[in-house]
Structures are given as C-alpha cells and as structure tokens.
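S.K.: Here the working numbering is used: the first residue of the sequence shown is 266, the next is one more, and so on.
Even glycine gets a Cβ: it sits at the ideal position worked out from N, Cα and C.
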Amino acid sequence: MRVDQFDFELPAERVALHPAVPRDSARMLVIDPVSMSDGKPPSDHVVTDLLSFLRPGDILIANNTRVLPAELVGKRIRGDAIAKVTVNLHKRDEPDLWRAFARPAKKLKLGEELIFEKPDMDPLVATCENKGESGEVLLRFDRSGAELDEAIKARGAMPLPPYISAKRDHDSQDDTDYQTIYAEHDGAVAAPTAGLHFTDELMANIKMMGVEVDFVTLHVGAGTFLPVKVDDTKDHQMHAEWGELSEITIEKIKKCRANGGRLVAVGTTSMRVLETASASGELKPFCGETSIFITPGYQFNAVDILMTNFHLPKSTLFMLVSAFSGFENMRRAYAHAIENEYRFYSFGDASLLFREQR
C-alpha cells in the first residue's frame, strides 16, 4: 500500500507532553469493527472501563521490559580541547556493545573515547567503533552485562521520545511516569506505552474478575520513533527488536483458548512478539530478534483484542492497528478521536481494538 494512505492531519495540541494523573484516568476509545460496520461510531470510555470489556477466562499479556535511563551526557577529549557529547543508546548488540545516536556525531572519530562521569564514581568509558547514517554510532564500553547496566542507570537520564524532549525539559517525575508498574527486565530505550495506563489497583481488579495476567518481553528500541521514508509499505525495512515468549506463558494461553477465552495484548510490542511466535500458525516459544512488519492484509494468528495508544500519521504502528481493526474503521476512529480531543502518542490516551473478522 502507499504510505500516504496512512496520512491524516493531527493538530500539534493533540500530542500529549505529560500523562494523565492517575494513570488509569486516561480516556479510552473502544473500536469494534462489528458495531462500526452497522454505522455506529466508536465508543468513548476511560481506562478503568477496561473491566467492562474483559471476561473471566480471558488472558491479558503485557510487555515487562524495563526502560534503561539510556540518555548519557559525556565528553570527548582531543588534546587540550574538551567537547560535550550526548548519546542515546537504542540497541544492544553484545554485552558491552551498544548502537546509539550521538550529538554531534559528525565530529566523532573512529577509535575516539567518550567519557561519562558522575561524582564519587569511576568514569564510564566508551570507544567509537563505527559510524553510520543519521548520527548513529557503535559504542564499545569498558564494562559489560549487568555491570554496564548499573553504570548506565547511575549516569543516564530517562530517554523521553524526541518530540517531547524537543518541547520541554526532563523532570524527575518522568523517571516514574515513563516506566510501567510491572517493568522487570532491563533493556528497552523506549516505553511500551499502552502499559503506562495500568495502576496496581486496576491490575488487581483485573485478576480478581478471573482474567489471567502474564507477560512477554520485548526490548523496545528507538527505531520505534523513526519515520517511514519510502513511498510504498513493501519497500520499508522494519527495525529489529529482541523479544521472548516462554513455554509457560504459551501453556497459559492454550488453556485460555481451550476454555473459550480471548487473548488481549497490551500494546503493539506485546502483539509483535505474539504474532512472531505464531507465524507458523501455531504458538511456539520464541527468543530472539523480530522485525515483523504488520500492514493491512496480514493474517493474525494470536491476538483477539489489542489495547494501545494513539499513533502518528504514516507510522508503522498506525499501519498495524489498521491491519487489526480494518483500514477504514481506523480512519473513522482516528477522525473521531481528533475531533473529540483525545490525546495522542506515548503519554496520550488509550484505545481498545477488537479484531476485524474476515
């Protein structure tokens, strides 16, 4: 399909710069293709109304990745000259090797060391091993694995989406706001934002009504913010992200299915793991990188209901939701959301999508 078919006009004021407080007070637009085929509009709710759309015996699958404070500010030293360098880590290749976007990248030289300091700590040092396009660099650190993770946490700031950081400064509340309550496994450099709507109380109420809750892991990369630069979706190269789905979780899903329950994915990241793991038609354990690119015409094998935020024009995520609930349905739903002042993107409102039956 042509990429411009997924374009729409989004007023700048519809893009949220801060989350709703409390988290589960955000609005939620429910998009049911069956109702919409009868001419009905999508229905307006709030996130706590999610309980009304779940049934005992369903299973809710969320992404338990944890966002690393992956924005590092350091310096490079060249003779007597010291220059500031900012890097945003976005994908780990090896225990001590990260891909990152650097500013300013053009002035970095191969083999040059970057030094990230904090009082009362040994400096964290990275060597520039490669330079790519659009400011991407490959950095090898002087420590690895969990030791490196702790060093990054001690020195880094939460990597807010670029459209937010361009409009306001980072504040301490972002460290909490940009992390899900169930975050467990370090590795993401962007939040699985549908999960940001959940509170402890909402999660407890979901479990109390007889809905199983379990998790996949997908370490969200900064590639999620990259624009689509081709004219046709068939020419787009999707970024790869590391994910995992365990045998134990699969058994829970199979039990749910056998009893007539539905699989509810929290976020497109959870969906991408589940659909990757079921590419053969059967859900199988998965551990590795996925670059699955879902566009209209895709045959869904795993997910019945998707909770997600509102996505940007011409983005791969708007293409995904259009594949799930129907292209025309989503165009109508987004027009309704814009007209009724829903808040878009990472800190924005939620939508609950039911799968279009073909």
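Would the region 443–450 count as touching the region 318–335 if we require 3 or more Cβ pairs under 8 Å?
M.R.: Yes, since at least three Cβ pairs between the region 443–450 and the region 318–335 fall closer than 8 Å, the two stretches touch.
S.K.: Applying the criterion that 16 or more other CB atoms from any shown protein chain within 10 Å of the CB defines a buried residue, is lysine 372 buried or exposed?
M.R.: Along the sequence shown, one-based indexing puts residue 372 at 107. With fewer than 16 Cβ atoms within 10 Å of its Cβ, lysine 372 is classed as exposed.
S.K.: Beta-carbon within less than 7 Å of threonine 534's beta-carbon, same chain only, minus the 5 sequence neighbours each way: which residues are those?
M.R.: The residue given as residue 534 occupies position 269 in the sequence shown. Excluding sequence neighbours, threonine 534 sits near Asn328, Pro457, Leu483, Val485.
S.K.: Quick check: valine 454 and alanine 281, are their CB atoms within less than 8 Å of each other?
M.R.: Here residue 454 is taken as the residue at index 189 of the sequence shown, counted from 1. Here residue 281 is taken as the residue at index 16 of the sequence shown, counted from 1. Result no, Cβ atoms of valine 454 and alanine 281 do not sit closer than 8 Å.
S.K.: May I ask you to report which of helix, strand or coil DSSP gives glycine 304?
M.R.: As a first step, residue 304 is located in the sequence shown; it is residue number 39 there, counting from the start. Looking at glycine 304 - three-state DSSP - the assignment turns out to be coil, as it is neither helix nor strand.
S.K.: Please say whether proline 306 and histidine 601 have beta carbons closer to each other than 8 Å?
M.R.: Numbered from 1 along the sequence shown, position 336 holds the residue referred to as residue 601. Numbered from 1 along the sequence shown, position 41 holds the residue referred to as residue 306. A contact, by the Cβ cut-off of 8 Å.
S.K.: Consult DSSP for threonine 482 and reduce its assignment to one of helix, strand or coil.
M.R.: In the sequence shown, the residue the question calls residue 482 occupies position 217. DSSP places threonine 482 in strand when its eight states are reduced to three.
S.K.: Buried or exposed: threonine 573, going by 16 or more other Cβ atoms within 10 Å of its Cβ?
M.R.: Numbered from its first residue, the sequence shown carries residue 573 at position 308. So threonine 573 counts as buried.
S.K.: Using C-beta distances below 6 Å, list every residue in its chain close to serine 611, excluding the 5 sequence neighbours before and after it, in chain order.
M.R.: Sequence index remark: in the sequence shown, residue 611 carries index 346 (1-based). Around serine 611: Pro426, Thr458.
S.K.: Tell me the start and end of each unbroken alpha helix (DSSP H) in the region 532–604 that is at least 4 residues and wholly inside, in chain order.
M.R.: The qualifying runs are 533–542, 581–590, 592–604.
S.K.: Check whether the Cβ atoms of serine 616 and proline 298 lie closer than 8 Å to each other.
M.R.: The count along the sequence shown starts at 1 and reaches residue 616 at position 351. The count along the sequence shown starts at 1 and reaches residue 298 at position 33. Contact flag unset, no.
S.K.: Where DSSP assigns a beta bridge to isoleucine 513, which residues make up the other side?
M.R.: Along the sequence shown, read from residue 1 onward, the residue named residue 513 stands at position 248. Answer by DSSP bridge pairing: none, since isoleucine 513 is not bridged.
S.K.: Between the region 508–526 and the region 487–499, do at least 3 Cβ pairs fall closer than 8 Å?
M.R.: Flag = no, the region 508–526 and the region 487–499 do not touch.
S.K.: What is the DSSP secondary structure of threonine 351, reduced to helix, strand or coil?
M.R.: Translated into positions along the sequence shown, residue 351 becomes position 86. Strand.
S.K.: Verify whether the separation of the beta carbon atoms of methionine 584 and threonine 498 is less than 8 Å.
M.R.: Within the sequence shown, residue 584 is the residue found at index 319, counting from 1. Within the sequence shown, residue 498 is the residue found at index 233, counting from 1. The answer is yes: Cβ separation under 8 Å.
S.K.: Would you check if there are 3 or more beta carbon pairs closer than 8 Å linking the region 458–478 to the region 286–293?
M.R.: Counting Cβ pairs under 8 Å, three or more are found: they touch.
S.K.: Comparing alpha-carbon positions, which option in Asn594, Phe592, Pro578 lies nearest alanine 277?
M.R.: Looking up residue 277 in the sequence shown gives position 12. Comparing Cα positions, the closest option is Pro578.
S.K.: State yes or no: is the C-beta of leucine 316 within less than 8 Å of the C-beta of methionine 468?
M.R.: The count along the sequence shown starts at 1 and reaches residue 316 at position 51. The count along the sequence shown starts at 1 and reaches residue 468 at position 203. No, they are not a contact pair.
S.K.: Give the DSSP-derived three-state secondary structure of leucine 325 in the structure shown.
M.R.: What you label residue 325 is simply residue 60 of the sequence shown in a count that begins at 1. Leucine 325: strand per DSSP, three-state reduction.
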